[in-house]
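Chemist:
In this note's numbering, the protein residues as written are 36 to 481.
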């Protein structure tokens with residue numbers, strides 16, 4: 036670790052055996068020139084994308100009134116406490132997700148492939164997949180230059196399927212949201228332990244990890260000396276901030292260890308140990324916690340999260356829906372199935388609200404992570420029963436460093452492409468493009 040008389044470097048790491056823990060933004064990292072210079076410093080901007088599959092019950096999603104004076108409908112009710120950091124956007128379309136002439140089915144595969152591109156994917160079940168570079172990776176090209184990881188791609192459902200997963204379409208199209216190039220889909224990691232090691236580990240081999248795990252030794256224990264020396268040079272506010280941050284890291288690590296312990300003592304650990312929570316609720320929240328930690332430590336500024344894959348057959352018995360999600364989404368307007376689908380939609384929104392809680396409670400410069408971030412939540416199917424790709428479920432959260440006017444419901448004009456919003460989201464992090472997919476301009480209302 037290098038400490039200067041003027042300030043700590045923004046990319047300061049606490050290093051120990053097998054560990055490298057990046058620090059959050061501290062007062063000591065801001066050059067001690069003047070109060071004015073601190074105020075003028077631009078906040079770090081971050082992007083997070085959260086995807087939901089199989090559509091939504093839009094009648095219970097879309098607010099009745101536009102502008103600031105709107106009531107939260109049933110599905111969005113868990114977000115009401117975040118009204119001041121939220122924009123509900125209705126009426127956006129994703130026409131490239133629709134079937135081209137002669138294609139027929141494949142709406143689920145096209146939905147996840149198109150959501151962040153606006154480009155119709157090639158219909159193939161082979162290895163010759165083709166989509167387009169997603170906006171998370173476009174942003175990562177610029178925002179990732181100063182971070183340990185350019186981007187983070189995670190999911191809460193197994194994505195190991197190969198071959199054809201939708202009629203005429205390769206599993207590659209539903210296994211991920213992120214494409215590095217038009218022919219290179221990026222894998223989405225589902226194992227919290229692997230993600231934690233990627234964020235904070237330094238490549239310990241399998242034997243070393245097994246030995247460390249058997250001793251129940253935290254990564255933070257390896258850097259205790261560095262922490263002690265650092266605290267002697269920090270002010271009271273920074274000391275408290277470092278303590279809170281390291282406590283958060285330790286909490287996540289302990290939760291990962293508990294998951295691994297439940298997995299059984301005789302599992303042969305791979306190069307990166309396994310540890311996926313048994314309960315979906317625990318899994319999603321842990322994934323959101325890891326994303327928040329990665330933002331807080333500025334390890335990455337881009338994250339993409341798939342809560343479940345398109346056509347997911349996951350059941351949600353713990354909320355009273357034992358039926359497979361995909362089957363429920365084809366509700367045929369049956370009241371009981373519509374109610375169950377809406378319950379799943381509401382539950383997913385409540386998990387996203389948990390993420391906003393985490394970001395809102397984490398200091399970042401002169402505000403919080405939520406103040407400075409931009410988050411896109413939604414999916415690329417609206418009516419799951421009919422596989423429609425118009426009038427999509429879309430939420431934009433976060434203050435974007437003062438660049439988003441929140442607390443509103445904005446209704447787009449008929450026929451407005453979803454990609455117009457994607458262009459505007461890139462603008463908020465100073466990544467400018469003339470066009471994305473089928474965009475016709477910018478959605479300046481957000």
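Here a beta-carbon is modelled for each residue, glycine too, at the ideal position from N, C-alpha and C. Since the structure is predicted, the reported quantities are computational estimates derived from the model, not experimental observations.
Might you give, ordered along the chain, the residues of its own chain that have their beta carbon closer than 6 Å to the beta carbon of residue 70, omitting 5 neighbours on each side?
Modeler: Numbered from 1 along the chain shown, position 35 holds the residue referred to as residue 70. A caution first: residue 70 carries a pLDDT of 38, below 50, which makes its placement in the model unreliable, though a value can still be read off. For residue 70, where only same-chain residues beyond five positions count, there are no Cβ hits under 6 Å.
Chemist: Please state whether DSSP places residue 68 in a helix, a strand or coil.
Modeler: Here residue 68 refers to the residue found at position 33 when the chain shown is read from its first residue. Confidence in residue 68 is poor, its pLDDT being 38 and thus under 50, which makes the residue's placement too unreliable to answer from.
Chemist: Would you call residue 451 buried or exposed, if buried means 16 or more other Cβ atoms sit within 10 Å of its Cβ?
Modeler: As a position in the chain shown, residue 451 is number 416, starting the count at 1. Answer is buried; the Cβ neighbour count reaches 16.
Chemist: Hey, would you say residue 153 sits closer than 8 Å to residue 454, going by beta carbons?
Modeler: Translated into positions along the chain shown, residue 153 becomes position 118. Translated into positions along the chain shown, residue 454 becomes position 419. Yes. Within cutoff.
Chemist: Comparing C-alpha positions only, which one of 124, 336, 421 and 345 sits nearest to residue 366?
Modeler: As a working mapping, residue 366 is identified with position 331 in the chain shown. For residue 366, the nearest C-alpha among the options comes from 421.
Chemist: Whose C-beta lies closer than 8 Å to the C-beta of residue 110 among residues of the same chain, with five residues either side of it excluded?
Modeler: The residue labelled residue 110 in the question sits at position 75 within the chain shown. The answer, listed in chain order, is 91, 92, 95, 96, 377, 380, 381 and 384.
Chemist: Which runs of the beta strand (DSSP E), 3 residues or longer, sit entirely within the segment 59-132?
Modeler: Listed in chain order, the complete beta strand (DSSP E) runs (minimum 3 residues) inside the segment 59-132 are 81-86 and 121-125.
Chemist: Counting Cβ pairs, one atom from each stretch, are 3 or more of them under 8 Å apart for the segment 334-341 and the segment 184-192?
Modeler: Touching, per the Cβ criterion.
Chemist: Short of 6 Å in beta carbon distance, which residues of its chain neighbour residue 155, apart from the five on each side in sequence? Order them along the chain.
Modeler: If you number the chain shown from 1, residue 155 lands on position 120. So the list reads 131, once near-sequence residues are dropped.
Chemist: Using the beta-carbon count (16 or more within 10 Å), is residue 34 buried or exposed?
Modeler: Residue coverage of the chain in this structure runs from 36 to 481, which leaves residue 34 outside it and unanswerable.
Chemist: Between which two residues does the beta strand (DSSP E) harbouring residue 147 extend?
Modeler: Residue 147 sits at position 112 when you count from the first residue of the chain shown. Premise fails: residue 147 lies in the alpha helix (DSSP H), 142-149, not in any beta strand (DSSP E).
Chemist: Is it buried or exposed, residue 463, if we count other Cβ atoms within 10 angstroms and call 16 or more buried?
Modeler: Here the question's residue 463 lines up with position 428 in the chain shown. Answer is buried; the Cβ neighbour count reaches 16.
Chemist: Tell whether a beta-carbon distance below 8 Å holds between residue 399 and residue 60.
Modeler: Residue numbering aside, residue 399 sits at position 364 when the chain shown is read from its first letter. Residue numbering aside, residue 60 sits at position 25 when the chain shown is read from its first letter. Going by C-beta atoms, residue 399 is nearer than 8 Å to residue 60.
Chemist: List the DSSP bridge partners of residue 337.
Modeler: Counting from 1 along the chain shown, the entry for residue 337 is found at position 302. Partner(s): 82.
Chemist: Where residue 68 and residue 271 are concerned, what is the direct C-alpha to C-alpha distance, given to the nearest angstrom?
Modeler: If you number the chain shown from 1, residue 68 lands on position 33. If you number the chain shown from 1, residue 271 lands on position 236. Confidence is the limiting factor: at residue 68 the pLDDT is only 38, short of 50, which leaves the residue's position unreliable and the question unanswerable from this model.
Chemist: List the endpoints of the continuous alpha helix (DSSP H) containing residue 260.
Modeler: To locate residue 260, count along the chain shown from 1; it is residue 225. Here the alpha helix (DSSP H) through residue 260 covers 259-266.
Chemist: Where residue 283 and residue 233 are concerned, what is the direct C-alpha to C-alpha distance, given to the nearest angstrom?
Modeler: Translated into the one-based positions of the chain shown, residue 283 becomes position 248. Translated into the one-based positions of the chain shown, residue 233 becomes position 198. Roughly 17 Å separates the two Cα atoms.
Chemist: Check each candidate in 218, 134, 374 and 448 and name the one with the smallest Cα separation from residue 201.
Modeler: Here residue 201 is taken as the residue at index 166 of the chain shown, counted from 1. With distances taken between Cα atoms, residue 201 lies closest to 134.
Chemist: Considering only their Cβ atoms, is the gap separating residue 414 from residue 87 smaller than 8 Å?
Modeler: Here the question's residue 87 lines up with position 52 in the chain shown. Here the question's residue 414 lines up with position 379 in the chain shown. Their beta carbons are under 8 Å apart, which means residue 87 touches residue 414 by this criterion.
Chemist: Quick check on DSSP: helix, strand or coil for residue 177?
Modeler: In the chain shown, residue 177 corresponds to position 142, counting from 1. Three-state DSSP puts residue 177 in a helix.
Chemist: May I ask you to report which of helix, strand or coil DSSP gives residue 381?
Modeler: Taking the first residue of the chain shown as position 1, residue 381 is located at position 346. DSSP places residue 381 in helix when its eight states are reduced to three.
Chemist: In whole angstroms, what separates the C-alpha of residue 161 from that of residue 149?
Modeler: Stepping through the chain shown from its first residue, residue 161 is reached at position 126. Stepping through the chain shown from its first residue, residue 149 is reached at position 114. Residue 161 and residue 149: Cα-Cα distance of roughly 18 Å.
Chemist: Please list, in chain order, all residues of the same chain as residue 345 whose beta carbon is under 6 Å from its beta carbon, the five residues on each side excluded.
Modeler: What you label residue 345 is simply residue 310 of the chain shown in a count that begins at 1. Counting only Cβ-Cβ distances below 6 Å, and skipping sequence neighbours, we find 88, 143, 146, 147 and 209.
Chemist: Can you tell which of 323, 281 and 181 has its C-alpha closest to the C-alpha of residue 395?
Modeler: Position 360 of the chain shown, counted from the start, is the residue given in the question as residue 395. Answer by Cα proximity: 323.
Chemist: To the nearest angstrom, how far is the alpha carbon of residue 113 from that of residue 100?
Modeler: Counting from one through the chain shown, the residue named residue 113 turns up at place 78. Counting from one through the chain shown, the residue named residue 100 turns up at place 65. Each residue's alpha carbon lies about 18 Å from the other.
Chemist: Which class does residue 452 belong to by DSSP, given the choice of helix, strand or coil?
Modeler: Within the chain shown, the letter at position 417 stands for residue 452. Note: residue 452 maps to strand in three-state DSSP.
Chemist: Give me the Cβ distance between residue 129 and residue 164, rounded to the nearest whole Å; I'm assuming they're in contact under 8 Å.
Modeler: Looking up residue 129 in the chain shown gives position 94. Looking up residue 164 in the chain shown gives position 129. That belief does not hold up - the Cβ atoms of residue 129 and residue 164 are roughly 19 Å apart, past 8 Å.
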